[in-house]
Structure formats: structure tokens, C-alpha cells
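So the sequence shown is numbered by our numbering: it starts at 487 and just counts up by one. Note that beta-carbon positions come from the ideal geometry of N, C-alpha and C, so glycine has one too. First the structure, in the form of C-alpha cells, and then the observations on it.
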Amino acid sequence: MEYPQKKIRIGDLLVQHRIISHEQLMTALAEQKKTGRKLGRTLVDLNYISETDLLSFLSRQLQIPFLDISQYKRKPEICKELPENLARRFRVMLLESNANDVLLAMADPTDLMGLDELSRVLKKRIRQAVVRESDLLTAIDQAYRRTEEISNLADQLSDELAENQFDLNALLSSSEVSDAPVVKLLQSIFEDAVQTNASDIHIEPDENVLRIRQRVDGVLNEQVLDNINIAPALMVRLKLMCGLNISEKRLPQDGRFSIRVKNKALDVRLSTLPIQSGESVVMRILDQSKGLLDLEQLGMPADLLGRFKTHIRNPHGLILVTGPTGSGKTTTLYAALSSVNYPQTKIITAEDPVEYSLPRINQAQINDKIGLTFASVLRSALRQDPDVILVGEIRDRETAEIAVRASITGHLVFSTLHTNGAVETATRLLDMGIEGYILASALKVIVAQRLVRKICDRCAQIAQINEGQSIWLEKSFNIRSGDIVFKKGAGCQYCNHIGYRGRVGVYELLELRHETLDALRRNDSAGFITAARATPGFKSFTEQALELVKQGTTTVHEIMRISES
487 MEYPQKKIRI
497 GDLLVQHRII
507 SHEQLMTALA
517 EQKKTGRKLG
527 RTLVDLNYIS
537 ETDLLSFLSR
547 QLQIPFLDIS
557 QYKRKPEICK
567 ELPENLARRF
577 RVMLLESNAN
587 DVLLAMADPT
597 DLMGLDELSR
607 VLKKRIRQAV
617 VRESDLLTAI
627 DQAYRRTEEI
637 SNLADQLSDE
647 LAENQFDLNA
657 LLSSSEVSDA
667 PVVKLLQSIF
677 EDAVQTNASD
687 IHIEPDENVL
697 RIRQRVDGVL
707 NEQVLDNINI
717 APALMVRLKL
727 MCGLNISEKR
737 LPQDGRFSIR
747 VKNKALDVRL
757 STLPIQSGES
767 VVMRILDQSK
777 GLLDLEQLGM
787 PADLLGRFKT
797 HIRNPHGLIL
807 VTGPTGSGKT
817 TTLYAALSSV
827 NYPQTKIITA
837 EDPVEYSLPR
847 INQAQINDKI
857 GLTFASVLRS
867 ALRQDPDVIL
877 VGEIRDRETA
887 EIAVRASITG
897 HLVFSTLHTN
907 GAVETATRLL
917 DMGIEGYILA
927 SALKVIVAQR
937 LVRKICDRCA
947 QIAQINEGQS
957 IWLEKSFNIR
967 SGDIVFKKGA
977 GCQYCNHIGY
987 RGRVGVYELL
997 ELRHETLDAL
1007 RRNDSAGFIT
1017 AARATPGFKS
1027 FTEQALELVK
1037 QGTTTVHEIM
1047 RISES
């Protein structure tokens, strides 16, 4: 069906069909004048009508289909027949194309100006389908991913380096650097990472290829480039952005820089490592525009959250958050600090590195090269009259002793350790040489955490588990597979056909009680572990994660993964 030639007044039609009232329409029109948004979006934002009801109404009125684009089987080569700038400008996507006409998915099928422009560009009759705007924007991000552009720019850079192999530094340091293919390539790499919501970018030269990998929801995705000769160019440019020594290739280097990509402010932490085939670089991406999570947004079960809040409101004591790298410890600590960040509270942190800048909090960046260690910062911090202290990580006995002594002299101290679980944390401190009777006076609560991937809620469906998973459930929890309705993600455009979208925290919370404290005072590690596991209210990671499986939030595969880590 061709698009309508006459402007449709959505508001009048909705009033006429008694879907909204005249007063609601007037309010929406007034709000529209203030914001400049389209009337349909304004009505949805004001909760006068749901987006699904609005689009279903338009579908009936215009006699065009209402599609769920997240489940639509698209062909990338057809989508890209429409330039990306037009797709984003008019909120449309090309779904089908033949000799006579095209099928366009549109968030606003009444946009006549947009349809006129698109008709002029496509030079074919336009058939329309109406889709949810949020789903459409996700589909556009996936359809116009930068993987092909990255490959093309890598080829361009490879050709340019072949023509002028001896002037690399001059190319990368020139005033016309924005035109250099290496910079365009890096820009595409970062834009692709933002579109996929990647947390890390790995650039790894191999013997004959260059691998660019992105960590999305804790799992690496790989793109392989044949242009191995561009690796030094990328490395030099990244080092220049961090202010590092571009001639040093034998030693690891660390740095950071800030960039803006797709209207997002990103803070990038970079680490280089000399390897057999050159230098490997890993970049941790911190999206400063997202802001910090509140404690309520962490995903802690209500009973754990309530107990944790009680402890962080204490005037003194040691609170430890533990887990492997990338398990969200810093996020939890920052959320806890934000909840006690009042004008009357003095908070000092010692971090390596400082990931997010927090208002009203004095954050010190550790620099071992000049002797600014955790221990030295802690000593100085105690002379700054703090109420709350955060130690980014307890790495050695000296730092542990200062943190413990600070917590028993009127300070609330937060810190992290790398341990497998909450039960093993206190014994790790004993192994460091901390006296048990001092630790028993200081330690109040231990939170250990992991992150598990969430089943994509757009393509979740009932599933069967395999025999190995069924046996594991029965042996570990005495649960038969028929007792639980299991789910999995079938894979859709919203989750990039992986079946998972996002992650959620799984927690162990161990409160120190009489039995565990008594074991600490005796320096009895085995007795502490036994008493800790018998503590009322304590649940292991796998027990907590099993609840998420029962709720349909994650899979048995994910809880088996964290139980083995």
C-alpha cells in the first residue's frame, strides 16, 4: 500500500474514537510545544495511551501492518540500501526491496515529509509497516554496525602504510590527523563498541591476522582482520591519545583518555602488553553518561539488601566486597558510598584507578611509580579526619593492617579482595598475617558477588535442559528437572541472536556472628569456614542463582558456570 497523501491528525482521531479525552489532547499539545517531540510520543510519555495501543490504532486507520521488528528476519544487505543517515533521521528501516516497490518499517507512518524524501531517494513505490520506536532504533544499531566499515578502513590504512611505511609517526602526529585512516578506523571501532554495549575492547595481533574482540555481557565476540600490518599504527595512535611512550614496546604501559562517541562521554582505560606478535591492548570502556546505580538497582534480593544497608549505616567497622575481576565490585561499592554521601560525612577513597568521579568525595589515585601506594594514601587519609574510607583493594599485609586498624578506631571502611566467595575472605586475611582477634573486632559483613547473564526477555521461551544439567541439579540441590519450568532465549535482534541480554548480580552475604567471630579469635580457619556456612540466613551463589532460574531470569548453564569459577 502506498503512503497516505493527506496529513492524518492523530489526536483528533484518538478523541473521535474515545481512546483519549479532549482535555488529554490539549494537555499533550501544550507539552508538545514545550518539548518539540511528536504528538504520538508525547501521548505515550504522558501515559495517556500505551505505545502498542497507539501503533495498533494507526495500523488499523492506515490499513498497514504492525510488525514486531525484533522477530523479523532481515537481510543486512537490503537494509543498507537505505543510507544510515536517512534511516536515523526519519526513524525508518528498509525491510524488503524488489524491482517495483520497497517495504519500510516506520516509527511514525504519518510523517509525509519523510516519506516524500525517502520516495525521492529510493525511486520506488513505498509500502509501510509500523513498528515500536525502541525496537526500531535497536534494529538500526545492529543493521548499521561498523564491522564492514572497520574492515574497509583497515584495508585503506593497510594500503596507505604500504605506500609510505617509513613515515608512520608523521602521519599519526600530523595536524590533519582527522583525515588519517587510522583515526577513522579507531572511531568506527569505538562506535561499534557503543552500539553493542561492550565493556572492553581487545586488539590482539596474531602471526598473520589482527583480532578485534569486544566483551559484551562478559563474553568476547571476535572480528578477524587480515591486515596485520596496521597493528603498529593502531598502537601508536592509542599511545599518543594516552600520552604514553610510543617508542617503548618492550614493557607494559597503562593509560587513560576520554572521548565522545554517539553523544556519550566515555572514559577509556588502556593497558598494553608485549606479546610474541607485537603488543596486545585492552581498553576498558566506562560510560560516564550512564551515571551510578543506586543500591536498589543492583539486583540484590530484598532480605540481603536490607541487611547490607543496616551495616553500611554503622559508624565504624570493616565491610568487604569480594569477587573476581569484572564481577561488579566497584559498582556495588560506589552505590554504597553514594547512599552514605551526606554533607556532614567526610569520605576519602584510595583507588587504582579512579573509575567514576563522585561529588563531595575526596578520591585519591594510586601511583606506585612515585610511591603513592594504598598504604601511604591510607596513612595520610587518617590524618584528614574522615568518617568513611574506601580502599580500592587490599593487596598486601601492610594495607590490610592499616584498613583493619582504621575500622576499629571509629571509621567505617569499605574495601575489596579477590576471593572465590564470602566464606574464604576472612581466612585470606588471616593468611596475610592479620591477627584473628583484631580482625574479629573489625570485620562486620562480607559481600561476595558474581554476574550472570539474563535471558533476553524479548525471545524467552520454555526449554528443556540436557542430561548433564539435570544430574547436576539433582546431586547439588536434590531438585528434579520436572520441578522447574526452565527458559532460554531463542535469539532475536534485541540480543544479537545470542539469547542473553544484560547481566544481573548474584550475591553471598555473610554477617559475622558469635560462632564465626570466636573462630577468628582462635585463628581457626577451618572452624571459621564451618561456622560461616552454618550462619542463619547465609546462602551460597548457586542457591541464590537457582532462585533466578526458577524466576526465568537466567539458565542452568549460567549457574553452573559461576559455581565452577
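- Of Asn952, Ser583 and Ser757, the smallest CA-CA separation from leucine 608 is found for Ser583.
- Note on leucine 500: 16 or more other CB atoms within 10 angstroms of its CB, so buried under the neighbour-count rule.
- Under the 8 angstroms Cβ criterion, the segment 900-909 counts as touching the segment 1012-1026, having at least three qualifying pairs.
- The Cβ atoms of leucine 540 and leucine 529 sit closer than 8 angstroms to each other.
- Taking 8 angstroms as the cut-off, the beta carbon of leucine 756 is found closer than this to the beta carbon of aspartate 740.
- About 6 angstroms separates the CB atoms of phenylalanine 963 and leucine 1032; that is less than 8 angstroms, so the two are in contact.
- Taking the Cα positions, lysine 566 is about 16 angstroms away from aspartate 678.
- One Cα belongs to isoleucine 833, the other to glutamate 782, and the distance between them is close to 21 angstroms.
- Among the bridge pairs identified by DSSP, glutamate 765 is matched with Pro760.
- Residues of the same chain with a CB within less than 6 angstroms of the CB of phenylalanine 743, apart from the 5 flanking positions on each side, are Met727, Cys728 and Val754 in chain order.
- Burial state of tyrosine 923 is exposed, judged by a 10 Å Cβ sphere holding fewer than 16 other Cβ atoms.
- Put simply, the segment 850-870 does not touch the segment 811-827. Fewer than three CB pairs are less than 8 angstroms apart.
- 8 angstroms or more divides the Cβ of serine 1049 from the Cβ of threonine 913.
- Rounded to the nearest angstrom, the gap between the Cα atoms of lysine 930 and leucine 915 is 14 angstroms.
- Under the three-state reduction of DSSP output, phenylalanine 1024 falls in the coil class, being neither helix nor strand.
- The C-beta separation of serine 685 from arginine 770 comes to about 7 angstroms, placing the pair in contact by the 8 angstroms criterion.
- The segment 783-793 and the segment 875-888 do not touch, with fewer than 3 CB-CB distances between them shorter than 8 angstroms.
- When Trp958, Arg723 and His1043 are compared, the shortest CA-CA separation from glutamine 673 is found for Arg723.
- Asparagine 1009 has its alpha-carbon roughly 7 angstroms from the corresponding atom of glutamate 921.
- Excluding sequence positions up to five before and after serine 556, its CB lies within less than 8 angstroms of the CB of Asp621, Thr624, Ala625, Arg944, Cys945, Cys978, Gln979 and Tyr980, all in the same chain and listed in chain order.
- Annotation: asparagine 713 to arginine 746 spans about 27 angstroms, alpha carbon to alpha carbon.
- Per DSSP, the beta-bridge partners of tyrosine 993 are Gln935.
- At a cut-off of 3 residues, the continuous stretches assigned as beta strand (DSSP E) that sit fully inside the segment 807-877 are 833-837, 848-851 and 874-877.
- Around the beta carbon of glycine 968, fewer than 16 other beta carbons sit within 10 angstroms, so the residue counts as exposed.
- Every alpha helix (DSSP H) of 4 residues or more that sits fully in the segment 545-611 is shown, in chain order, as 562-565, 570-576 and 598-608.
- A distance below 8 angstroms separates the beta carbons of valine 992 and arginine 936.
- Alanine 593 is positioned such that its CB atom lies closer than 8 angstroms to that of arginine 577.
- The beta carbons of threonine 1041 and lysine 974 sit closer together than 8 angstroms.
- Here valine 616 is actually not in contact with leucine 572; their C-beta atoms are around 18 angstroms apart, not less than 8 angstroms.
- Here threonine 911 really is in contact with alanine 934; their C-beta atoms are around 7 angstroms apart, less than 8 angstroms.
- The continuous beta strand (DSSP E) containing valine 710 extends over residues 705-711.
- Of the candidates Val767, Leu589 and Lys961, Val767 places its Cα closest to the Cα of arginine 699.
- Of the other Cβ atoms in all chains shown, 16 or more fall within 10 Å of the Cβ of asparagine 982; this residue is therefore buried.
- About 5 angstroms separates the Cβ atoms of leucine 581 and leucine 589, confirming a contact at the 8 angstroms cut-off.
- The beta carbons of leucine 730 and glutamate 841 sit about 19 angstroms from each other, so the pair does not count as a contact at 8 angstroms.
- Around the beta carbon of methionine 512, fewer than 16 other beta carbons sit within 10 angstroms, so the residue counts as exposed.
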